[in-house]
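Q: Numbering (my numbering), first residue to last: 87 to 568. Note that beta-carbon positions come from the ideal geometry of N, C-alpha and C, so glycine has one too. The structure presented is a predicted model; accordingly, all values stated were derived computationally and were not measured.
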């Protein structure tokens, strides 16, 4: 019964579905810290743009004040001699009010009222330039976020394929060891019956021992690639789906290098950023030139105030119960223009802004040339990789045929064990090289789309359709099979 329970628990643990490329990307979107910083930066830029817009909008100020009504009381105490003396009446001594608290009428300590003022900048070139540049900065932040989104796709695909390639290398090393071990046993048996020399046994044993070193390195690399993927996703990954063998290998569509170059020059984030910075540099240069003047500006302000204050008795200071209402309504217009000869500092500032503008212009040219070079190189690399995959597929078939012929020759004594082992290694290398080249082709295609500004999550969804959920990759410490 206990054995059945253990088997059931193990079955539950092994039935966990493998993560595919789409799921890994969704985890990265939620947990990758680098992408999270890009999202925050986009929000900051949006708020800064709103702050700049506020300088063009009306400013309204309001204030309220309220009166405070209070009461007070007092009493007077006269000497008893004065109270009994009739002349004390003339001095204010009165037995009826002596030592009696008298309450004053409520009096208002300060006036109450409210005021409203509105001001609006009607025309200000520096304010307009500041707003213009803030809008350009916000547009740049959105483009930067889109670039970071594309970069996240590339990082996820690379990390994912690094795991697959590491597992392919480990599987290849395991297959080589198994084949060499089988060949070693056969060689020993042939030696025991006198069909081969001891040299073949020693060569087979040396080849088998050398494979152990590479096997340990492959295990360590697999664990390391899983750690890299976990850093992006923010959580441990136990299983990954492999890439299906029927993934289509095609040339870029359209298969026109000039199309990709022209599209990149119009949509590449780096080119767009350089062009935007150049526009900002031109606006900043105009702003610096305007510092020679007290730039014309027009402003309008309006205000209204209402105030109620108590009218007190001038002799007693007590509240008479009447209020004085004061109101004011004002409007003002402002216009300012002037000219200032400021000497060397502003002249130098103008030169710096002009040089910065020229630097930005040259950066646009350099960025366009760089992107054109990158797109042409990526396009040609993709085309070359397609041809390479076709050649590797033919090479794989040739190596299989070669190994079959070499093994048959060894059986009849026309080939030695070294030739058999070399043929086996050539076949294993061809298989591994083909898988790795397919991964390279996919990465190159995505990089080409990224460089021209076409890459988006839909490309990842299309790639995810070719994930084989029945063929999974696991870390070494949770490995359940090849």
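Can you tell which of 105, 110, 532 and 371 has the C-alpha that lies nearest to the C-alpha of residue 318?
A: For the purposes of this step, residue 318 is taken as the residue at position 232 of the chain shown. Closest by alpha carbon: 110.
Q: Please identify the residue among 501, 472 and 363 whose C-alpha is closest to the C-alpha of residue 339.
A: What you label residue 339 is simply residue 253 of the chain shown in a count that begins at 1. Of 501, 472 and 363, the residue nearest in Cα terms is 472.
Q: So, are the CB atoms of residue 516 and residue 481 less than 8 Å apart?
A: Working through the chain shown from its first residue, we reach residue 516 at position 430. Working through the chain shown from its first residue, we reach residue 481 at position 395. Yes, these two residues count as a Cβ contact at 8 Å.
Q: For the region 315 to 369, which segments carrying the alpha helix (DSSP H) assignment without a break, of at least 4 residues, lie completely within its bounds, in sequence order?
A: 343 to 353
Q: Decide if residue 107 is buried, meaning its Cβ has at least 16 other Cβ atoms within 10 Å, or exposed.
A: Position 21 of the chain shown, counting from 1, holds the residue named residue 107. The residue is buried, with at least 16 neighbouring Cβ atoms inside 10 Å.
Q: What residue from 456, 280, 436 and 120 has the CA that sits closest to residue 239's CA?
A: Taking the chain shown and counting its residues from 1, the one referred to as residue 239 is at position 153. The option with the nearest alpha carbon to residue 239 is 120.
Q: Note down the Cα distance separating residue 507 from residue 552, rounded to an integer number of angstroms.
A: The residue you call residue 507 lines up with position 421 of the chain shown. The residue you call residue 552 lines up with position 466 of the chain shown. Residue 507 and residue 552: Cα-Cα distance of roughly 34 Å.
Q: When you compare only the Cα positions, how much space is there between residue 194 and residue 414?
A: Taking the chain shown and counting its residues from 1, one reaches residue 194 at position 108. Taking the chain shown and counting its residues from 1, one reaches residue 414 at position 328. Unreliable positioning characterises residue 194 in this predicted model, as indicated by a pLDDT of 48, which lies under 50. A coordinate reading is not provided.
Q: Can you tell me which residues form a DSSP beta bridge with residue 145?
A: Counting from one through the chain shown, the residue named residue 145 turns up at place 59. Residue 145 pairs with 205.
Q: Sort out for me which residues DSSP pairs residue 118 with in a bridge.
A: Taking the chain shown and counting its residues from 1, the one referred to as residue 118 is at position 32. None; residue 118 has no bridge partner.
Q: When burial is assigned at 16 or more other CB atoms within 10 Å of the CB, is residue 192 buried or exposed?
A: Taking the chain shown and counting its residues from 1, the one referred to as residue 192 is at position 106. Low local confidence applies: a pLDDT of 49 at residue 192 is under 50, so the model's placement there is unreliable, with the coordinate-based value given in what follows. Result: exposed.
Q: For the beta strand (DSSP E) holding residue 557, just list the boundary residues, first then last.
A: One-based indexing of the chain shown puts residue 557 at position 471. Start and end: 553 to 559.
Q: From residue 538 to residue 364, what distance separates their C-alpha atoms?
A: For the purposes of this step, residue 538 is taken as residue 452 along the chain shown, with counting starting at 1. For the purposes of this step, residue 364 is taken as residue 278 along the chain shown, with counting starting at 1. C-alpha separation (whole angstroms): 20 Å.
Q: Measuring CB to CB, does residue 457 end up less than 8 Å from residue 350?
A: Your numbering for residue 457 matches position 371 in the chain shown. Your numbering for residue 350 matches position 264 in the chain shown. Yes, the pair counts as a contact, with Cβ atoms nearer than the cut-off.
Q: Is it true that the CB of residue 558 sits closer than 8 Å to the CB of residue 272?
A: One-based indexing of the chain shown puts residue 272 at position 186. One-based indexing of the chain shown puts residue 558 at position 472. No. Outside cutoff.
Q: Which residues does DSSP list as the beta-bridge partners of residue 112?
A: Mapped onto the chain shown, residue 112 falls at position 26. BP columns for residue 112 are empty, so no partner.
Q: Looking only at its own chain, which residues have a Cβ that is under 8 Å from the Cβ of residue 116, when we skip the five neighbours before and after it?
A: Along the chain shown, one-based indexing puts residue 116 at 30. Here the set comprises 320.
Q: So, residue 315 versus residue 261, is the Cβ gap smaller than 8 Å?
A: Here residue 315 refers to the residue found at position 229 when the chain shown is read from its first residue. Here residue 261 refers to the residue found at position 175 when the chain shown is read from its first residue. The answer is no: Cβ separation not under 8 Å.
Q: Use the C-beta contact count for residue 250: other C-beta atoms within 10 angstroms, 16 or more gives buried, fewer gives exposed.
A: Looking up residue 250 in the chain shown gives position 164. Buried.
Q: How many angstroms separate the CA atom of residue 511 from the CA atom of residue 486?
A: Stepping through the chain shown from its first residue, residue 511 is reached at position 425. Stepping through the chain shown from its first residue, residue 486 is reached at position 400. Computed Cα separation, rounded: 11 Å.
Q: Are the CB atoms of residue 114 and residue 242 nearer to each other than 8 Å?
A: Reading the chain shown from its first residue, position 28 is the one you call residue 114. Reading the chain shown from its first residue, position 156 is the one you call residue 242. Yes, the Cβ-Cβ distance between residue 114 and residue 242 is below 8 Å.
Q: So residue 297 packs on residue 263, CB below 8 Å; how close in whole Å?
A: As a position in the chain shown, residue 297 is number 211, starting the count at 1. As a position in the chain shown, residue 263 is number 177, starting the count at 1. Right, the Cβ-Cβ distance comes to about 5 Å (below 8 Å), so this counts as a contact.
Q: To the nearest whole angstrom, what separates the beta carbons of residue 266 and residue 290, a pair I think is in contact under 8 Å?
A: Reading the chain shown from its first residue, position 180 is the one you call residue 266. Reading the chain shown from its first residue, position 204 is the one you call residue 290. Right, the Cβ-Cβ distance comes to about 7 Å (below 8 Å), so this counts as a contact.
Q: For a quick check, are the C-beta atoms of residue 258 and residue 514 less than 8 Å apart?
A: For this step, residue 258 is matched to residue 172 along the chain shown. For this step, residue 514 is matched to residue 428 along the chain shown. Their beta carbons are under 8 Å apart, which means residue 258 touches residue 514 by this criterion.
Q: Do you know how far the Cα of residue 432 is from the Cα of residue 212?
A: The sequence position of residue 212 within the chain shown is 126, counting from 1. The sequence position of residue 432 within the chain shown is 346, counting from 1. In a straight line, the C-alpha of residue 212 is about 16 Å away from that of residue 432.
Q: Are residue 522 and residue 309 touching if we call contact CB-CB under 8 Å?
A: Numbered from its first residue, the chain shown carries residue 522 at position 436. Numbered from its first residue, the chain shown carries residue 309 at position 223. Against a cut-off of 8 Å, the Cβ pair of residue 309 and residue 522 comes out as no contact.
Q: Which complete alpha helix (DSSP H) runs does the region 499 to 552 hold, if anything under 4 residues is left out?
A: 503 to 538 and 543 to 550
Q: Let me check understanding here. Comparing Cα to Cα, which of 547, 138, 126 and 534 lies closest to residue 337?
A: Along the chain shown, one-based indexing puts residue 337 at 251. Out of 547, 138, 126 and 534, 534 has the C-alpha closest to the C-alpha of residue 337.
Q: Counting along the chain, where does the alpha helix (DSSP H) carrying residue 226 start and finish?
A: Here the question's residue 226 lines up with position 140 in the chain shown. That run of the alpha helix (DSSP H) goes 211 to 278.
Q: Kindly provide the ranges of any beta strand (DSSP E) runs that are 3 or more residues long and lie completely inside the region 442 to 469, ordered along the chain.
A: none
Q: For residue 295 and residue 493, what's the separation of their Cα atoms in angstroms?
A: On the chain shown, position 209 is the one that residue 295 refers to. On the chain shown, position 407 is the one that residue 493 refers to. For residue 295 and residue 493, the distance between alpha carbons rounds to 21 Å.
Q: Give every residue of the same chain whose Cβ lies closer than 7 Å to the Cβ of residue 356, excluding the five residues on either side of it in the sequence, and list them in chain order.
A: Stepping through the chain shown from its first residue, residue 356 is reached at position 270. 453 and 457, listed in sequence order.
Q: I'd like to confirm something about residue 389: is its beta-carbon nearer than 7 Å to some heavy atom of the ligand NAP, or not?
A: Ligands displayed in this structure: none; no statement on the ligand NAP is therefore possible.
Q: Would you mind stating whether residue 613 and residue 135 have Cβ atoms separated by less than 8 Å?
A: With the chain running from 87 to 568 in the structure shown, residue 613 is simply not present.
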